[in-house]
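S.K.:
2 protein chains.
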Amino acid sequence: MTTTGDERPLGIFDSGIGGLTVLKEIVRQLPAENLLYLGDTARVPYGIRSPETVRRYAFQCTDFLLQRDIKLLVIACNTVSATSLGHIQEKISVPSIGVIEPGARAAVRATRNKRVGVIGTEATIKSSAYRKAITAIDGSMVVFGLACPLFVPLVEEGWTDGMIAKLTAERYLKDLKDEDADTLVLGCTHYPLLKGVIGEVMEGVALIDSAVETAKAVTAVLDELNLRNRSGAPGSQRYFVTDSPQKFSEVGSRVLQDPLQEIERVEI
Amino acid sequence: MTTTGDERPLGIFDSGIGGLTVLKEIVRQLPAENLLYLGDTARVPYGIRSPETVRRYAFQCTDFLLQRDIKLLVIACNTVSATSLGHIQEKISVPSIGVIEPGARAAVRATRNKRVGVIGTEATIKSSAYRKAITAIDGSMVVFGLACPLFVPLVEEGWTDGMIAKLTAERYLKDLKDEDADTLVLGCTHYPLLKGVIGEVMEGVALIDSAVETAKAVTAVLDELNLRNRSGAPGSQRYFVTDSPQKFSEVGSRVLQDPLQEIERVEI
Chain A
1 MTTTGDERPL GIFDSGIGGL TVLKEIVRQL PAENLLYLGD TARVPYGIRS PETVRRYAFQ
61 CTDFLLQRDI KLLVIACNTV SATSLGHIQE KISVPSIGVI EPGARAAVRA TRNKRVGVIG
121 TEATIKSSAY RKAITAIDGS MVVFGLACPL FVPLVEEGWT DGMIAKLTAE RYLKDLKDED
181 ADTLVLGCTH YPLLKGVIGE VMEGVALIDS AVETAKAVTA VLDELNLRNR SGAPGSQRYF
241 VTDSPQKFSE VGSRVLQDPL QEIERVEI
Chain B
1001 MTTTGDERPL GIFDSGIGGL TVLKEIVRQL PAENLLYLGD TARVPYGIRS PETVRRYAFQ
1061 CTDFLLQRDI KLLVIACNTV SATSLGHIQE KISVPSIGVI EPGARAAVRA TRNKRVGVIG
1121 TEATIKSSAY RKAITAIDGS MVVFGLACPL FVPLVEEGWT DGMIAKLTAE RYLKDLKDED
1181 ADTLVLGCTH YPLLKGVIGE VMEGVALIDS AVETAKAVTA VLDELNLRNR SGAPGSQRYF
1241 VTDSPQKFSE VGSRVLQDPL QEIERVEI
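As you go down the protein sequences, you meet chains A and B in turn.
Numbering-wise (the numbering used here), the first sequence opens with residue 1 and increments by one.
Numbering-wise (the numbering used here), the second sequence opens with residue 1001 and increments by one.
This is the structure in structure tokens:
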């Protein structure tokens, strides 16, 4: 290892733009790291495909990033994390991190009454991935899952505050409030952008932002394995997409709340 | 031709459940007809795929229905109608009808000031298919297109009335109201279910329901070609899907506002 540390990039992928919330947190927590982001926008959404198909796509995304000499892989997609993380970890030699374990661990640390809510897409909730991860850490936890299908289109439209977002959050979260959970996992990479309205509706409940928790896990792994970039220069971000860069740029800029540059269309 | 007329079924397909609004209108207008409905739910949404891919999928759906000896094909999907209707008509011998022409013709008949609004998915609006169809009939028409991405998830969630639907409609349609269009085409097969709130927001504007117009066109073609079923028995409906029948049944029953039966999963 040189004094500049390990300058190789981190590779991050998602089926679309949701994983940009994870990228944003990694930039905030690890500003010196170079990042490659792959959004498989031609085949989004993964959440409605069979687990076998998702795994096949996930391996293609992984191969694409491995060819670019990454030092760590971040699976910034709940569906892929739920269905494919173990399979990928068995096959590749660079370390990899999904979004579910970090969120599950943070929820277990945060709850006082052992009653945890999880919101996500239908695919994530149906997979019970968070319930399994949380109860694997502590079998006495009670986990309530709830799918909120309108949250992703709201975020992609940029309507993350105002009355429509507020009323939608109230309508979805009403049942969850009755369950007396003291902790709520935002189990979809789009949802951190709705933290404001969700926090208003779920006042007094601890919100677990899986983007923040995943970035913390990335930091911890880089430190443990001594893989940090110590070159002193600010890190770069490059984006790859499998469909039109234009829509990715438009919607992604709303998600990141920052204009996106250096977007390249690729075949994988 | 026997006295029972032509008992062969009509074939209807869509990428998912949206086309059920067209089916429902056909049942209402033509209760004696037997209907086969194919929803390519494993590959929904078509609207985000390239035209070449949509055409390939559309031919597979068409072949599936032709193998079941249909007498007429209804393409109950705006994306397929916009990209593939001509290609399909060139290749097959049974008559076929898309959803765009009937809506465009009805809009031209309805408008007094020649200013027509069209709302639809991003893919439909970007394709300019309605603008082209309307101005092909009358070149002096002015057409305003507007994508309303949240309408489909609202309908699929069953939230078709109440404050959230109302506020969403107000927010989308505000700009369109300023354009002084006197006619609005609901250019997406999901949107007829939002006719109530859209009508409130666009008071005084004629709403063109492309499901109703398409069913009228089907009736006219059956009459012209003497293809009506005159057996006297009530028509049957059978549903085929390419992914899990369960979700199709849940969401489809909300769309049809009637429980769905006889759903079969198929490979196409």
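All residues carry an ideal CB built from backbone N, CA and C; glycine is no exception.
Because the structure is a prediction, the values reported are computed rather than measured.
Does the CB of GLU157/A have a neighbour CB from chain B at under 8 Å?
M.R.: Position 157 of the first sequence holds residue 157/A. Closer than 8 Å: yes.
S.K.: Helix or strand or just coil, what does DSSP make of VAL94/A?
M.R.: Here the question's residue 94/A lines up with position 94 in the first sequence. In this structure, VAL94/A counts as coil in the three-state DSSP scheme.
S.K.: Which stretch, first to last residue, makes up the beta strand (DSSP E) that contains LEU1036/B?
M.R.: As a first step, residue 1036/B is located in the second sequence; it is residue number 36 there, counting from the start. Counting along the chain, the beta strand (DSSP E) containing LEU1036/B begins and ends at 1035-1039.
S.K.: Which two residues bound the contiguous alpha helix (DSSP H) that contains ILE1198/B?
M.R.: Walking along the second sequence from the start, residue 1198/B turns up at place 198. Looking at the DSSP string, the run of the alpha helix (DSSP H) that includes ILE1198/B is 1195-1201.
S.K.: Whether or not the segment 1132-1142 of chain B and the segment 1190-1202 of chain B are in contact is what I'm after, with contact meaning three or more pairs of Cβ atoms, one per stretch, closer than 8 Å; do they touch?
M.R.: No, they do not touch.
S.K.: Start and end of the beta strand (DSSP E) containing GLU264/A?
M.R.: Against the first sequence, residue 264/A aligns to sequence position 264. First-last of the beta strand (DSSP E) with GLU264/A: 263-265.
S.K.: Which same chain residues, not among the five before or five after GLY1016/B, have their C-beta less than 6 Å away from its C-beta?
M.R.: In the second sequence, counting from the first residue as 1, residue 1016/B sits at position 16. Contacts found: GLY1039, THR1041 and VAL1044.
S.K.: Quick check on VAL1241/B: buried or exposed, where buried means 16 or more other Cβ atoms within 10 Å of its Cβ?
M.R.: Counting from one through the second sequence, the residue named residue 1241/B turns up at place 241. Flag for VAL1241/B reads buried.
S.K.: Secondary structure at THR1214/B, three-state DSSP: helix, strand or coil?
M.R.: Residue mapping note: residue 1214/B aligns to position 214 of the second sequence, counting from 1. Looking at THR1214/B - three-state DSSP - the assignment turns out to be helix.
S.K.: Residues of chain B with CB under 8 Å from MET202/A, in chain order?
M.R.: As a working mapping, residue 202/A is identified with position 202 in the first sequence. Those do not exist, as MET202/A stays about 18 Å from chain B at its closest Cβ, beyond 8 Å.
S.K.: In the DSSP assignment, find the unbroken beta strand (DSSP E) run with TYR1191/B in it and report its ends.
M.R.: Walking along the second sequence from the start, residue 1191/B turns up at place 191. Where TYR1191/B is concerned, there is no enclosing beta strand (DSSP E), given that its DSSP letter is neither H nor E.
S.K.: For THR214/A versus ALA110/A, is the C-beta distance shorter than 8 Å?
M.R.: As a position in the first sequence, residue 214/A is number 214, starting the count at 1. As a position in the first sequence, residue 110/A is number 110, starting the count at 1. The answer is no: Cβ separation not under 8 Å.
S.K.: At the level of alpha carbons, what is the spacing between ILE1208/B and VAL118/A?
M.R.: Residue numbering aside, residue 1208/B sits at position 208 when the second sequence is read from its first letter. Residue numbering aside, residue 118/A sits at position 118 when the first sequence is read from its first letter. Roughly 41 Å between the two C-alpha positions.
S.K.: Since ILE75/A and SER96/A should fall inside the 8 Å C-beta cutoff, what is the C-beta to C-beta distance between them, to a whole number of angstroms?
M.R.: Position 75 of the first sequence, counting from 1, holds the residue named residue 75/A. Position 96 of the first sequence, counting from 1, holds the residue named residue 96/A. Going by Cβ atoms, the distance from ILE75/A to SER96/A rounds to 6 Å, so yes, they are a contact pair.
S.K.: Label ASN1226/B either buried or exposed according to how many other C-beta atoms from any shown protein chain fall within 10 Å of its C-beta, with 16 as the threshold for buried.
M.R.: Here the question's residue 1226/B lines up with position 226 in the second sequence. Answer is exposed; the Cβ neighbour count stays below 16.
S.K.: Give a yes or no on whether the minimum CB-CB distance between PRO1149/B and chain A is below 8 Å.
M.R.: Locating residue 1149/B in the second sequence gives position 149, counting from the first residue. It does: the Cβ of PRO1149/B has a partner Cβ on chain A nearer than 8 Å.
S.K.: Using DSSP's beta-bridge definition, name the partner residues of LEU72/A.
M.R.: Taking the first sequence and counting its residues from 1, the one referred to as residue 72/A is at position 72. BP columns for LEU72/A point to LEU10/A.
S.K.: Please confirm whether THR3/A has its beta-carbon closer than 8 Å to some beta-carbon of chain B.
M.R.: Counting from 1 along the first sequence, the entry for residue 3/A is found at position 3. Chain B contact via Cβ: absent.
S.K.: Based on Cα-Cα distance, which residue from VAL1218/B, CYS1148/B and ILE1070/B lies nearest to GLY1011/B?
M.R.: Walking along the second sequence from the start, residue 1011/B turns up at place 11. Minimum Cα distance to GLY1011/B is reached at ILE1070/B.
S.K.: Of the residues ILE263/A, ALA165/A and PRO9/A, which one's Cα is nearest the Cα of GLN67/A?
M.R.: Working through the first sequence from its first residue, we reach residue 67/A at position 67. The shortest Cα separation from GLN67/A among ILE263/A, ALA165/A and PRO9/A belongs to PRO9/A.
S.K.: Using a Cβ-Cβ distance cut-off of 8 Å, determine whether ARG1115/B contacts chain A.
M.R.: As a working note, residue 1115/B is residue 115 in the second sequence. No - not a single Cβ of chain A is within 8 Å of the one on ARG1115/B.
S.K.: Rounded to the nearest angstrom, how far is the Cβ of ALA289/A from that of PRO192/A, given a contact under 8 Å?
M.R.: Absent from the structure is residue 289/A, since the part of chain A shown begins at 1 and ends at 268.
S.K.: Quick one: is ILE1164/B near chain C, going by C-beta distance under 8 Å?
M.R.: Considering every chain present, this structure includes no chain C. Its protein chains are A and B.
S.K.: Give me the subset of the segment 92-108 of chain A whose CB atoms are less than 7 Å from a CB atom of chain B, sorted by chain position.
M.R.: Those would be none; no residue qualifies.
S.K.: Which residue or residues does DSSP assign as beta-bridge partners of ARG115/A?
M.R.: Taking the first residue of the first sequence as 1, we reach residue 115/A at position 115. For ARG115/A, which the question treats as bridged, DSSP gives the partners VAL142/A.
S.K.: Would a C-beta distance cut-off of 8 Å place LEU279/A and ILE125/A closer than the cut-off?
M.R.: With chain A covering only 1 through 268, there is no way to say anything about residue 279/A.
S.K.: How many angstroms separate the CA atom of VAL22/A from the CA atom of ALA220/A?
M.R.: Along the first sequence, read from residue 1 onward, the residue named residue 22/A stands at position 22. Along the first sequence, read from residue 1 onward, the residue named residue 220/A stands at position 220. C-alpha separation (whole angstroms): 15 Å.
S.K.: Give, in chain order, every residue of the segment 1245-1258 of chain B whose Cβ lies closer than 7 Å to some Cβ of chain A.
M.R.: So the list is empty, because no residue satisfies the distance condition.
S.K.: Residues in its own chain within less than 7 Å of TYR57/A by CB, not counting five upstream and five downstream?
M.R.: Here the question's residue 57/A lines up with position 57 in the first sequence. Cβ neighbours of TYR57/A beyond the five flanking positions: ASP40, ARG43 and TYR46.
S.K.: Looking at C-alpha atoms only, which residue of GLY1162/B, GLU1052/B, LEU1150/B and VAL1155/B is the closest neighbour of LEU1173/B?
M.R.: Here the question's residue 1173/B lines up with position 173 in the second sequence. Per the Cα distances, LEU1150/B.
S.K.: Excluding sequence positions up to five away, which residues of its chain have a Cβ less than 7 Å from the Cβ of GLN60/A?
M.R.: Your numbering for residue 60/A matches position 60 in the first sequence. The residues are ILE268.
S.K.: Would you grab the beta carbon distance between VAL1099/B and ASN1078/B for me? Rounded to a whole angstrom, and I think it's under 8 Å.
M.R.: In the second sequence, residue 1099/B corresponds to position 99, counting from 1. In the second sequence, residue 1078/B corresponds to position 78, counting from 1. Their Cβ separation, rounded to whole angstroms, is 6 Å, which keeps VAL1099/B and ASN1078/B in contact under 8 Å.
S.K.: Assuming ILE1268/B is part of the beta strand (DSSP E), what are its boundary residues?
M.R.: One-based indexing of the second sequence puts residue 1268/B at position 268. First-last for ILE1268/B: undefined, no H or E at that position.
S.K.: Between LEU194/A and chain B, is there a C-beta pair that is closer than 8 Å?
M.R.: Taking the first residue of the first sequence as position 1, residue 194/A is located at position 194. With 8 Å as the cut-off, LEU194/A does not count as an interface residue toward chain B.
S.K.: Measuring straight from C-alpha to C-alpha, what distance separates PHE1248/B and ASP223/A?
M.R.: Along the second sequence, one-based indexing puts residue 1248/B at 248. Along the first sequence, one-based indexing puts residue 223/A at 223. Approximately 47 Å between the Cα atoms of the pair.
S.K.: Under the DSSP definition of a beta bridge, which residues are partnered with LEU238/A?
M.R.: Numbered from 1 along the first sequence, position 238 holds the residue referred to as residue 238/A. The sequence given here has Arg at residue 238/A, not Leu. Partner(s): LEU36/A.
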